[in-house]
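Reading through the structure tokens given below for one structure.
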Amino acid sequence: MFNGKFEVVRPVQTKHRRGFTLIEMVVVIAIIGVLLALTAPLFSSFLESARKTACMANLTTATRTLEFYEVVENRTLTPDVIDTIMKDSMGADPTSSGYRRICPSGGFYNVTVGANGDIKVRCSKHGMTAVETINSDNKNILDLLQLAIESYFEKRPGNTLNSTGPNFGDDIKERLAASLKISTDFDFRIYKVNNNEYKVYISDPLKDVNVSDQVTVTGYQIKNGWVAGTGTSQLISVGTESVDGVPIKIISAAEYRWD
């Protein structure tokens, strides 16, 4: 184990400007999981695929974080510096086998820095680096998202799907979050544009927020089974609508600006 002495200073975030950089992909996986829980009987077989994709997101985040300190902060990535960055930015626990507590399946992350400065973060469980994982798993997960959403909308009228709706309950989201080892600190709204296009909005939790208050929202455009665009994080108002006769809080997606 390396004993890091380099102090990493984290940026200060305001209450309504909380970033999604560390969990945004995992939240998308959480959406898939909730939908599959409603539409597919083989949910357990999906979990490892979801954990693998969560690992992908963590590998990518770790790589980008290290690249930031190397390029933007002009830091030399010595073993001590890498130890400290991985602990403070990723919550990792350095061991002789690598960094643990990042991979949802219990894998160890190993970091190598090439002579040319190239950074590779590899998972011992899934045997992939960030780039390899993105290439191999991104389409699979988007296919699952597409299938799950289509299955849901085929069985119900309407073109919107909300995490706060009466078909979702906190218990489903909590069990899913526990399985994927993420926080339940999010909500989402999916809008069906047509059979091949959806807009997914991920937000701060709405439960304890008043109607007309604003929460941070990030948007994703899904077209033909691919992420066609990712929007910026924006402050969007909380609204209400009735689903099956039950009033629920929703993200006022019409306010979202797609640049």
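So for the sequence shown, full-length UniProt numbering puts the first residue at 1; every next one is plus one. Even glycine gets a Cβ: it sits at the ideal position worked out from N, Cα and C. It should be emphasised that the depicted structure is a prediction, and the values quoted were computed from it without experimental measurement.
- For residue 197, the three-state secondary structure derived from DSSP is strand.
- With distances taken between CA atoms, residue 245 lies nearest to 166 out of 56, 166, 210.
- Excluding the 5 residues flanking it on each side, residue 252 has same chain C-beta neighbours closer than 8 Å at 236, 237, 238, 239, in chain order.
- Bridge partners of residue 100 according to DSSP: 93.
- For residue 241, the enclosing beta strand (DSSP E) has its first and last residue at 234-243.
- Note on residue 207: under 16 other CB atoms within 10 angstroms of its CB, so exposed under the neighbour-count rule.
- Beyond the five residues adjoining it in sequence on each side, residue 197 comes within less than 6 Å, by CB distance, of 223 in the same chain, given in chain order.
- Residue environment for residue 74: exposed (fewer than 16 other C-beta atoms within 10 angstroms of its C-beta).
- With a 10 Å radius around the Cβ and a threshold of 16 neighbouring Cβ atoms, residue 94 comes out buried.
- Leaving aside the five residues that flank residue 256 on each side, the residues in its chain whose CB is nearer than 7 Å to its CB run, in chain order, 201, 217, 219, 231, 234, 236.
- Here DSSP, grouped into helix, strand and coil, assigns residue 64 to helix.
- The three-state secondary structure of residue 161, taken from DSSP, is strand.
- Residue environment: residue 247 is assigned as exposed (fewer than 16 neighbouring CB atoms within 10 Å of its CB, all protein chains considered).
- With contacts defined by Cβ atoms closer than 8 Å, residue 107 and residue 120 do not form a contacting pair.
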